[in-house]
Amino acid sequence: MCTSMHIFQKGIAFLFCAFYLYFPLNAHFKYAFFQFKNSSTFLAVKLIASFRNEWISEANLAFDDIPVRVYWPRTPSTSRRGILYLHGGIGVCGSFGLSLKRIKFRLVPEYPSHVTIRDCCTAATHFLKNAKAYGVDPNRVLIAGDSSGGTFAAAVSQKLVMRDDLPRLRAQVLLYPFLQAVDFSLPSHQQNHSTPPLVDVDGIMKNAHVPEHVLVKCRKWISADNIPEQFKVRGYTPPVPAPFSKQLYETCKAAFDPTFSPLLAEDCIIRRLPDTFIYTCEYDVIRDDGLLYKKRLEDNGVSVTWFHVKNGYHGILFTLGFGTFERPCSEWAKESCNFC
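Each number in my numbering comes from the position in the sequence shown (counting from 1) with 73 added on.
Quick look at the structure:
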């Protein structure tokens, strides 16, 4: 196993306690999850300690004032592969964050959401410009993220691809990412949703927050018709359109920006994106976001590697180190490292 792959397999797993807007655990997984939750402190100590050995170094640095945690092999190199990792946690919960660079972007609600994206872009830009100083080949850098970190990784990729003054990202790795806020009635939402009463849930699930002009623009990209039939067998009923709610729209309209809904980016941006790895899980309310982005990328000529876990659920990477899920977690790590 190559050094950077080994770092990625262990470094990608981390502990955060995010309160997801959607928390999709079916009954089959609930008992196992609560067992895991009670063991989380032990696992966190185990994973962090695994870095501190004779061949891996770590340091807390700042990339243009954005805090990052860096892991790198102690063996000198000028052509090492690099990974920029953006943690999940719906932009609210944080974590520390070859060479593996984990970015500690500022979080909401203390800071507006656009600040999070700006921090990610700032840190990524700094690293791409200075990769050689860290022993990394600037042409062998990928960006990765899980859940909302996958949202940020996709958004940063879209912003960086338009810049000709930077080395091109080698790949993007999106792990069960949230990619659109237009349609919450897709098969995965109907099959897996379990939503706390934070907003008008019924209205959101019926897409009452989406104005007609947005629906018309996005229908070709975001539709249950673009979801393979195999993902509808657990149940799907075409939704009955709900009356448009201006109040809901005013609450949610910022989410229609491609920065927060990367699936809404224009084709001229999508077709320039790097090779992509998408990881989806069957029991995940946002599973179909990954499926739709896969199709969108492929339709625009972007090479996509897709890994689907049939018994997986949102946040499955929490379970790296727990035997039942060790294999699917390590398999995607091998696949994603093949990009660079």
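For every residue, glycine included, the Cβ atom is placed at its ideal position computed from N, Cα and C.
Alpha carbon to alpha carbon, what distance is there between Y366 and A327?
-> Stepping through the sequence shown from its first residue, residue 327 is reached at position 254. Stepping through the sequence shown from its first residue, residue 366 is reached at position 293. Whole-angstrom Cα-Cα distance: 20 Å.
Open item on the list: Could you give the first and the last residue of the continuous alpha helix (DSSP H) run that contains G223?
Closed with: In the sequence shown, counting from the first residue as 1, residue 223 sits at position 150. It spans S221 to L233 - the alpha helix (DSSP H) in which G223 sits, taken as one unbroken run.
Query - Length of the line joining the Cα atoms of R345 and L259 - result: For this step, residue 345 is matched to residue 272 along the sequence shown. For this step, residue 259 is matched to residue 186 along the sequence shown. Approximately 27 Å, taken between the alpha carbons.
Counted within 10 angstroms of its Cβ, other Cβ atoms place T349 as buried (16 or more) or exposed
Counting from one through the sequence shown, the residue named residue 349 turns up at place 276. The residue is buried, with at least 16 neighbouring Cβ atoms inside 10 Å.
Q. How about the region 356-370 and the region 203-215: do they share at least three Cβ pairs that are nearer than 8 Å?
A. no
- prompt: Roughly how many angstroms lie between the CA atoms of I342 and L336, to the nearest whole one?
  reply: The residue you call residue 342 lines up with position 269 of the sequence shown. The residue you call residue 336 lines up with position 263 of the sequence shown. Distance between the alpha carbons of I342 and L336: 11 Å.
Q.
In the DSSP assignment, the beta strand (DSSP E) including Y356 goes from what residue to what residue?
A. Indexing the sequence shown from 1 puts residue 356 at position 283. Unbroken beta strand (DSSP E) run through Y356: D348 to Y356.
- Task: Using the Cα positions of W379 and A281, report the straight-line distance between them to the nearest angstrom.
- Result: As a first step, residue 379 is located in the sequence shown; it is residue number 306 there, counting from the start. As a first step, residue 281 is located in the sequence shown; it is residue number 208 there, counting from the start. Going from the Cα of W379 to the Cα of A281 covers about 31 Å.
- Task: Would you decide whether P182 is buried or exposed? Buried here means 16 or more other CB atoms lie within 10 Å of its CB.
- Result: On the sequence shown, position 109 is the one that residue 182 refers to. Residue confidence for P182 is low, a pLDDT of 42 falling below 50, so the modelled location carries little weight and cannot support an answer.
* Out of curiosity, what's the CA-to-CA distance linking D238 and K232? -> Numbered from its first residue, the sequence shown carries residue 238 at position 165. Numbered from its first residue, the sequence shown carries residue 232 at position 159. Distance between the alpha carbons of D238 and K232: 12 Å.
Original post:
Within this structure, are the beta carbons of V255 and V283 separated by less than 7 Å?
Top reply: Residue numbering aside, residue 255 sits at position 182 when the sequence shown is read from its first letter. Residue numbering aside, residue 283 sits at position 210 when the sequence shown is read from its first letter. Contact: yes.
**Report entry** C-alpha gap between N99 and S150, whole angstroms
**Finding:** Residue mapping note: residue 99 aligns to position 26 of the sequence shown, counting from 1. Residue mapping note: residue 150 aligns to position 77 of the sequence shown, counting from 1. In this prediction, N99 scores a pLDDT of 40, lower than 50, which makes its location untrustworthy; the coordinate-derived value is nonetheless stated afterwards. Computed Cα separation, rounded: 46 Å.
> Can you name the start and end residues of the beta strand (DSSP E) that E339 belongs to?
Replying inline: Working through the sequence shown from its first residue, we reach residue 339 at position 266. Premise fails: E339 is in no beta strand (DSSP E) and is neither H nor E.
Pull the bridge partners of V209 from the DSSP assignment, please.
The count along the sequence shown starts at 1 and reaches residue 209 at position 136. In the DSSP output, where bridge partners are listed per residue, V209 has R153.
request  = Alpha carbon to alpha carbon, how far is F317 from Y144? Give it in angstroms, no decimals.
outcome  = Working through the sequence shown from its first residue, we reach residue 144 at position 71. Working through the sequence shown from its first residue, we reach residue 317 at position 244. Taking the straight line from one Cα to the other gives about 49 Å.
Quick one: what's got a C-beta closer than 7 Å to N373's C-beta in the same chain, skipping five residues either side? In the sequence shown, the residue the question calls residue 373 occupies position 300. Contacts found: D340, I343 and R344.
Would you report the Cα separation of R198 and K383, rounded to the nearest angstrom?
Working through the sequence shown from its first residue, we reach residue 198 at position 125. Working through the sequence shown from its first residue, we reach residue 383 at position 310. The residue you asked about is not Arg; residue 198 is Thr in the sequence shown. C-alpha separation (whole angstroms): 36 Å.
query = Quick one: what's got a C-beta closer than 6 Å to T224's C-beta in the same chain, skipping five residues either side?
reply = Taking the first residue of the sequence shown as position 1, residue 224 is located at position 151. Correct list, in chain order: P250 and F251.
Just curious, the beta strand (DSSP E) that Q245 is in, first and last residue? In the sequence shown, the residue the question calls residue 245 occupies position 172. A244 to L248 is the span of the beta strand (DSSP E), which, as asked, contains Q245.
Going by other Cβ atoms of all chains shown within 10 Å of its Cβ, with 16 needed for buried, is V313 buried or exposed?
Start at 1 with the first residue of the sequence shown, and residue 313 comes out as number 240. Exposed.
| request: Put S258 into one of helix, strand or coil per three-state DSSP. | output: Your numbering for residue 258 matches position 185 in the sequence shown. Correct three-state label for S258: coil.
Review point. For Y366, does the three-state DSSP call read helix, strand or coil?
Key: The sequence position of residue 366 within the sequence shown is 293, counting from 1. Of the three classes helix, strand and coil, the one that applies to Y366 here is helix, per DSSP.
Exercise. Compute the Euclidean distance between the alpha carbons of L159 and V141, then round it to the nearest angstrom.
Key: Locating residue 159 in the sequence shown gives position 86, counting from the first residue. Locating residue 141 in the sequence shown gives position 68, counting from the first residue. Their backbone Cα atoms lie some 10 Å apart in a straight line.
Would you mind reading off the limits of the beta strand (DSSP E) that contains H381?
-> Sequence index remark: in the sequence shown, residue 381 carries index 308 (1-based). That run of the beta strand (DSSP E) goes V377 to Y386.
Helix, strand or coil: which one does DSSP assign to L215?
-> Taking the first residue of the sequence shown as position 1, residue 215 is located at position 142. DSSP places L215 in strand when its eight states are reduced to three.
Rounded straight-line distance, which links the Cα of P146 to that of A204
For the purposes of this step, residue 204 is taken as the residue at position 131 of the sequence shown. For the purposes of this step, residue 146 is taken as the residue at position 73 of the sequence shown. Taking the straight line joining both Cα atoms gives about 15 Å.
* Chain-order list of residues whose beta-carbon lies under 7 Å from that of C291 (same chain, five-residue window excluded) -> Taking the sequence shown and counting its residues from 1, one reaches residue 291 at position 218. Closer than 7 Å at Cβ, skipping near neighbours: V255 and L337.
Item to complete: Can you say whether V306 is buried or exposed, counting buried as having 16 or more other CB atoms within 10 angstroms of its CB?
Response: One-based indexing of the sequence shown puts residue 306 at position 233. Exposed, since its Cβ has fewer than 16 Cβ neighbours within 10 Å.
Check: For the beta strand (DSSP E) that L239 lies in, which residues bound it at each end?
Finding: Taking the first residue of the sequence shown as position 1, residue 239 is located at position 166. Taken as a continuous stretch (DSSP letters only), L239 belongs to no beta strand (DSSP E), as it is neither H nor E.
Reference D138, options C193, L157, C325 and G155, closest by Cα = Here residue 138 corresponds to residue number 65 of the sequence shown, with the count starting at 1. Minimum Cα distance to D138 is reached at C193.
Original post:
Taking the Cβ atom as the reference point for each residue, do G222 and G161 lie within a distance shorter than 7 Å?
Top reply: Position 149 of the sequence shown, counting from 1, holds the residue named residue 222. Position 88 of the sequence shown, counting from 1, holds the residue named residue 161. Yes.
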